[in-house]
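Engineer:
Residue numbers (full-length UniProt numbering): 1 to 914.
(1) Which stretch, first to last residue, makes up the beta strand (DSSP E) that contains residue 33?
(2) Please specify which runs of the alpha helix (DSSP H), each continuous and at least 4 residues long, are wholly inside the stretch 509 to 537, giving them in chain order.
(3) In angstroms with no decimal places, state the Cα-to-Cα distance between residue 384 and residue 176.
(4) In whole angstroms, what is the alpha-carbon distance linking residue 897 and residue 651?
(5) Work out the CA separation of residue 860 and residue 567 for me, nearest whole Å.
(6) Taking the CB atoms as reference points, tell me whether residue 620 and residue 658 lie closer together than 7 Å.
(7) Enumerate in chain order the residues of its own chain whose CB-to-CB distance from residue 111 is below 8 Å, with the five nearest sequence positions on each side excluded.
(8) Can you find the residues in the same chain that come closer than 6 Å, C-beta to C-beta, to residue 848, ignoring five residues on each side of it along the sequence?
(9) Hey, could you find the ends of the alpha helix (DSSP H) residue 574 is sitting in?
(10) Figure out for me which residue from 73, 743, 902 and 668 has the closest Cα to the Cα of residue 622.
(11) Touch check for the stretch 360 to 380 and the stretch 417 to 430: three-plus C-beta pairs under 8 Å?
(12) Return yes when the Cβ of residue 815 is within less than 7 Å of the Cβ of residue 893, no when it is not.
(13) How big is the Cα-Cα spacing for residue 533 and residue 505?
(14) So which of 5, 722 and 730 has the shortest CA-CA distance to residue 692?
(15) Look at the alpha carbon of residue 289 and the alpha carbon of residue 393, and state the distance between them as a whole number of angstroms.
(16) From this set, 803, 630, 286 and 381, which residue's C-alpha is nearest residue 464's C-alpha?
(17) What residue range does the alpha helix (DSSP H) around residue 760 cover?
(18) Which class does residue 702 belong to by DSSP, given the choice of helix, strand or coil?
(19) Can you grab the Cα-Cα spacing for the pair residue 864 / residue 734, in whole Å?
(20) Would DSSP call residue 750 helix, strand or coil?
(21) By Cβ distance, which residues of its chain are closer than 6 Å to residue 828, with the 5 residues on each side in sequence left out?
(22) Compare the beta carbon distance of residue 342 and residue 474 with 7 Å and say whether it is the shorter of the two.
(23) Which parts of the stretch 370 to 425 are runs of the alpha helix (DSSP H), unbroken and 4 residues or longer, counting only runs that do not cross its ends?
(24) What's the gap between the Cα of residue 73 and the Cα of residue 220?
(25) Provide the residue(s) that pair with residue 794 in DSSP beta bridges, ordered along the chain.
(26) Return helix, strand or coil for residue 629, following the three-state DSSP convention.
(27) Just how far apart, CA to CA, sit residue 593 and residue 562?
(28) What number of angstroms, rounded off, separates the C-alpha of residue 704 from the C-alpha of residue 766?
(29) Who does residue 340 pair with in a DSSP beta bridge?
(30) When the Cα atoms are used, what is the spatial distance from residue 880 to residue 770?
(31) Just curious, the alpha helix (DSSP H) that residue 171 is in, first and last residue?
(32) For residue 878, write down the residues that DSSP places opposite it in a beta bridge.
(33) Between 869, 214 and 910, which lies nearest to residue 882 when the distance is taken from Cα to Cα?
(34) Could you pull the start and end residues of the alpha helix (DSSP H) that residue 288 belongs to?
(35) For the putative contact between residue 643 and residue 554, defined by C-beta atoms under 8 Å, what is the C-beta separation to the nearest angstrom?
(36) Reducing DSSP to helix, strand and coil, say where residue 458 ends up.
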């Protein structure tokens, strides 16, 4: 069960008791706020009954105080009296800076603590919030739409707005269910997916503050139903996850021999299971145990093949642990009636196949491989404990002449790293070539974390062996047609767990001539991996395939490709009306690829040979590289790539997928057959038009209207144009016909909004552009001595910091000529996010600068040559263009931030004038 829990580090019961005994008697029923003094200590500020001011100094640290407030607000011990939800922010700064008024219910309610909490949870306000959250979770589960637009992501919905913490409630409710159902620590640890010691420690945080004896049976039932609904959504799901017994095994299988011996009669029992299965009417689908599958291999020469279109083994330690825990729990059932159902294993066995005993695994290879790894680990542990294994398991796991029965009967793609790891594991290789493969990692995890003798007794190991072979079930569906590719795709198109890259592979593989595929499987697979798969690997996440990047490519390619189609083409019309939906875009992408394949081949069956296959792969590779050349920062900032000369413009569109098809089309228009860019300054002027309008939209319409449909219309106009230049593109952005209801911000509107709060991303775009423009003689054209902005891990530095210390407060008081801290805080809130208070610096000096005064910050800025040598810091004074020189200032205040903002705006308006 995936559960985000809040490990607070302090017992909630003792926390409430501490406040009840120390703080609340002083407060009584008075309304209070929390403020911080000049020494960073917190105290409660309130008015007594007769109006005179009162205060209470809090002894807790900042962290513990946050824990106290979060816990007691969520449980209804503290009530927020005065609070504007429209101004809600995600952290607790508003509570800790005196802006929120609170009161305690202890002096308003005569009930004990448990009853106060109960009444709060079932109040009208909280029930409304719970129902809203349940509805949101329900819609989230059923929502299959895909939208990677960064602006759209920011518009997500917040729930529990009155400082209600969903993670806290997860923690609270799961511990409440432990109390109600008396879960053992082992079962509780499995439920929250923590080690037993960590689970026990976590539970102690919530132990003893909620007395169930104070509630009636009906009230207890209400609490249980609320907890179940919050955590599991339904009683059925709760029963599925927790409906398991953890009683001890009822028998020990051992004898008086020097060695313990497994005598499970597995082969005889599995043969009897077969007889029962075969007495049923013959069907396309039948239920088989994992043992029966292995029995077929051992006694009936049955074999399985993992086809080329299948993905690599993907299960990680967390996934195999969940499977193991389910099997382990089932094997401890006293009644012996538990089973574990593994779902459908779909295999393809064409009637025309020469080998009738060979089945191709269309769906289920991840689960099947995981079971084999678990069985191998069980067998290894049996041997390690000096136990003689049951003859059946010993024979199928035994290695003879470096071969193994299972390994020989599960044919995998040659040349694949997983194939090598699978073979090495089953043949007991002492020095595996890739010990860090997921197959070896899962195997090692099981031996160390699950099957160690301190965690799993001999008795449990024996029952586990029998259960995995006789009580783990598949529904095996055998398809006798020759349409395995289509079946694989239809089954997996909407599966979250199957990556789009496998589906792309499948599109192509199903179009290759059978004989060509059979004879060249390894080379075909290698070519796909080299030209397609490799381009989507993410080096920062251990070479895992970046699914988001693949889906973004498909969306961009589909919209880009329409530029080369006739308006009367059926495919063109399909693209025009397509929704921004991952599955729909994939279907169109598939149509395009099949269309290109049909263009290449002249064979009667419409399938391609090896050369034609290579042409298709090269076609896709060419467009993947085009996509990366305009979207991937690591790619276009590499001086070896042709789009490097556009990098200062392209970085503005990072995460803005709505522009990608348009930019791809424009860039390829300026490329020759060698993918070199011609007339680069002309191309820069064209792309700069898009940059200009993007930054205008971000400043003026931030978090506003969607530009997706508008950009599609611009692309449509550009695709029809005989010549694309900056004047033509400007015309489109200023056209009401093209822009529809979206009005391009005027110079006046743009300039006015530049004085207000600027988002981090937009500030980065503007500061980078200003610095590049100044560094290149107030021009956007490239020249032999042009300079690039080299801050690679840029972060926003607030010169006047987000959190003011005493020194900053004194400086800013002098600046405002006041001693009123409220006036300083008000001006600070207005100034913090404006242009003139921002710098782009690398992460390290930014982290070190924190809330130091400007004099110290300067030393940190100048420790990084990429900062001190740029005009954003060292200033500019040429050709009637002026920007403040921060290196010559000893102090920085509100006036400086505002003056610098004015200077930056003047420069930005020169750059982005329309």
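Glycine included, C-beta positions come from ideal geometry on N, C-alpha and C.
Structural biologist: Based on what the coordinates show:
(1) Mapped onto the chain shown, residue 33 falls at position 33. That run of the beta strand (DSSP E) goes 32 to 36.
(2) 514 to 519 and 521 to 531
(3) Start at 1 with the first residue of the chain shown, and residue 384 comes out as number 384. Start at 1 with the first residue of the chain shown, and residue 176 comes out as number 176. Rounded to the nearest angstrom, the two C-alpha atoms are 41 Å apart.
(4) The residue given as residue 897 occupies position 897 in the chain shown. The residue given as residue 651 occupies position 651 in the chain shown. Roughly 26 Å separates the two Cα atoms.
(5) Within the chain shown, numbered from 1, the residue matching residue 567 stands at position 567. Within the chain shown, numbered from 1, the residue matching residue 860 stands at position 860. Near 59 Å, if we compare the C-alpha coordinates of residue 860 and residue 567.
(6) Mapped onto the chain shown, residue 620 falls at position 620. Mapped onto the chain shown, residue 658 falls at position 658. No. Outside cutoff.
(7) Stepping through the chain shown from its first residue, residue 111 is reached at position 111. Closer than 8 Å at the Cβ level, and outside the excluded window around residue 111, lie 119.
(8) Along the chain shown, one-based indexing puts residue 848 at 848. Answer for residue 848: 860, listed in chain order.
(9) Taking the chain shown and counting its residues from 1, one reaches residue 574 at position 574. Its alpha helix (DSSP H) spans residues 570 to 576.
(10) Translated into the one-based positions of the chain shown, residue 622 becomes position 622. Among 73, 743, 902 and 668, the Cα nearest to that of residue 622 belongs to 668.
(11) yes
(12) On the chain shown, residue 893 is found 893 positions in, with the first residue counted as 1. On the chain shown, residue 815 is found 815 positions in, with the first residue counted as 1. Going by C-beta atoms, residue 893 is nearer than 7 Å to residue 815.
(13) Mapped onto the chain shown, residue 533 falls at position 533. Mapped onto the chain shown, residue 505 falls at position 505. Cα to Cα, residue 533 sits roughly 9 Å from residue 505.
(14) Numbered from its first residue, the chain shown carries residue 692 at position 692. Residue 730 is the option with its Cα nearest to residue 692.
(15) Working through the chain shown from its first residue, we reach residue 289 at position 289. Working through the chain shown from its first residue, we reach residue 393 at position 393. Spanning the two alpha carbons is a distance of roughly 14 Å.
(16) Walking along the chain shown from the start, residue 464 turns up at place 464. Taking only the C-alpha atoms, the option nearest residue 464 is 381.
(17) On the chain shown, position 760 is the one that residue 760 refers to. Residue 760 -> alpha helix (DSSP H) spans 760 to 775.
(18) Looking up residue 702 in the chain shown gives position 702. At residue 702 the pLDDT is 47, less than 50, meaning the model places this residue with poor confidence and gives no usable figure here.
(19) By 1-based counting over the chain shown, the position of residue 864 is 864. By 1-based counting over the chain shown, the position of residue 734 is 734. Between residue 864 and residue 734, the C-alpha separation is close to 42 Å.
(20) As a working note, residue 750 is residue 750 in the chain shown. Residue 750: helix per DSSP, three-state reduction.
(21) Taking the chain shown and counting its residues from 1, the one referred to as residue 828 is at position 828. Counting only Cβ-Cβ distances below 6 Å, and skipping sequence neighbours, we find nothing.
(22) For this step, residue 342 is matched to residue 342 along the chain shown. For this step, residue 474 is matched to residue 474 along the chain shown. Result yes, Cβ atoms of residue 342 and residue 474 sit closer than 7 Å.
(23) 391 to 397 and 405 to 409
(24) Stepping through the chain shown from its first residue, residue 73 is reached at position 73. Stepping through the chain shown from its first residue, residue 220 is reached at position 220. Rounded to the nearest angstrom, the two C-alpha atoms are 22 Å apart.
(25) Counted from its first residue, the chain shown places residue 794 at position 794. Residue 794 pairs with 842.
(26) For this step, residue 629 is matched to residue 629 along the chain shown. Looking at residue 629 - three-state DSSP - the assignment turns out to be helix.
(27) The residue labelled residue 593 in the question sits at position 593 within the chain shown. The residue labelled residue 562 in the question sits at position 562 within the chain shown. C-alpha separation (whole angstroms): 13 Å.
(28) Position 704 of the chain shown, counted from the start, is the residue given in the question as residue 704. Position 766 of the chain shown, counted from the start, is the residue given in the question as residue 766. Note that residue 704 scores 43 on pLDDT, short of 50, meaning its location in the model is unreliable; the coordinates nonetheless yield the value given after this. The straight-line gap from Cα to Cα measures roughly 19 Å.
(29) By 1-based counting over the chain shown, the position of residue 340 is 340. DSSP, once it has assigned bridges, lists 472 as partnering residue 340.
(30) Along the chain shown, read from residue 1 onward, the residue named residue 880 stands at position 880. Along the chain shown, read from residue 1 onward, the residue named residue 770 stands at position 770. About 15 Å.
(31) Position 171 of the chain shown holds residue 171. First-last of the alpha helix (DSSP H) with residue 171: 166 to 181.
(32) Working through the chain shown from its first residue, we reach residue 878 at position 878. In DSSP, residue 878 forms a bridge with 881.
(33) Taking the chain shown and counting its residues from 1, the one referred to as residue 882 is at position 882. Looking at the Cα atoms, 910 is the closest of the given residues.
(34) Residue numbering aside, residue 288 sits at position 288 when the chain shown is read from its first letter. Element bounds for residue 288: not the alpha helix (DSSP H) but the beta strand (DSSP E), 285 to 289.
(35) Looking up residue 643 in the chain shown gives position 643. Looking up residue 554 in the chain shown gives position 554. Not really, about 21 Å apart at Cβ, beyond 8 Å.
(36) Reading the chain shown from its first residue, position 458 is the one you call residue 458. Residue state, collapsed to three classes: helix.
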